[in-house]
Amino acid sequence: MKKTWTRNDIIEAISDNVGISLQDSSVIIEEIFEFILTELEKGDDVKISSFGTFSVRHKKERIGRNPKTGIEVPIKERNVVTFSSSNILKSNFK
0 MKKTWTRNDI IEAISDNVGI SLQDSSVIIE EIFEFILTEL EKGDDVKISS
50 FGTFSVRHKK ERIGRNPKTG IEVPIKERNV VTFSSSNILK SNFK
């Protein structure tokens, strides 16, 4: 079974690989996540070279269907975060 990485797993991996304390590693990761979140909230895309791009996409209101009952219900308009992987990242999985 494949492992799902958590925030703490990433912090520990960076701490081990770079040789810094868990606390310093935690601060770095939290700052990176906070930066990405802040930029997305401003409406800006965040492009990480050779990795991919995070962006916000606006979805209009639409009619959805409950798969169990078949009843149609309105789905409100909302903003969603999307991630598009770079071609370099995609080529690593062929």
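According to numbering that gives the first Met the number 0, the sequence shown is numbered sequentially starting from 0.
Here a beta-carbon is modelled for each residue, glycine too, at the ideal position from N, C-alpha and C.
In the DSSP output, what is Asn-78 paired with across the bridge? His-57
Flag Val-80 as yes when its Cβ comes closer than 7 Å to any non-hydrogen atom of the ligand NAP, and as no otherwise. For the structure depicted, the ligand NAP is absent and the ligand set is empty, with no information on it obtainable.
List the endpoints of the continuous beta strand (DSSP E) containing Ile-47. 45-47
According to DSSP, simplified to helix, strand and coil, what is Ser-25? helix
For the pair the segment 45-54 and the segment 83-91, tell me if three or more CB-CB distances fall below 8 Å. yes
If the criterion is Cβ atoms closer than 8 Å, does the pair Ile-13 and Ile-27 meet it? yes
Short check: CB of Val-72 to CB of Asn-78, under 8 Å? no
Please classify Ser-24 as buried or exposed, where buried requires at least 16 other C-beta atoms within 10 Å of its C-beta. buried
C-alpha distance - Ser-49 paired with Ser-90, whole-angstrom precision: 10 Å
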